[in-house]
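Structure first, then comments.
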Amino acid sequence: MLCGGVFEHKWGPWTYEPRKGGYYRACELCGEIEHR
Numbered sequence: 163m164l165c166g167g168v169f170e171h172k173w174g175p176w177t178y179e180p181r182k183g184g185y186y187r188a189c190e191l192c193g194e195i196e197h198r
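Our numbering runs 162 ahead of the 1-based position in the sequence shown.
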């Protein structure tokens, strides 16, 4: 399923990834990764 158009992302909880340098979360529907 593609998100961002008709469907909104269903974001999981923010998780801290020190090796990646910050907080990351993933959409449970399409698997897209967002970071801050």
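We treat Cβ as the ideally placed atom computed from N, Cα and C, and that holds for glycine.
Checklist line | Neighbourhood of Cys165 by C-beta distance below 7 Å, restricted to the same chain and skipping five residues each side | finding: His171, Cys189, Leu191, Cys192, Glu194
Note to self: DSSP three-state label for His171, please.
What the structure shows: coil
Margin query: Tell me the residue span of the beta strand (DSSP E) that contains Arg181.
Written below: Counting along the chain, Arg181 falls outside any beta strand (DSSP E), and DSSP gives it neither H nor E.
Notebook entry, point to check: Between which two residues does the beta strand (DSSP E) containing Trp196 stretch?
Noted result: The sequence shown places Glu at residue 196, rather than the Trp named in the question. Glu196 -> beta strand (DSSP E) spans 195 to 197.
Next item on the list: Note down, in chain order, each residue of its chain lying with its Cβ closer than 6 Å to the Cβ of His197, except the 5 sequence neighbours on either side.
Entry: Gly184, Tyr186
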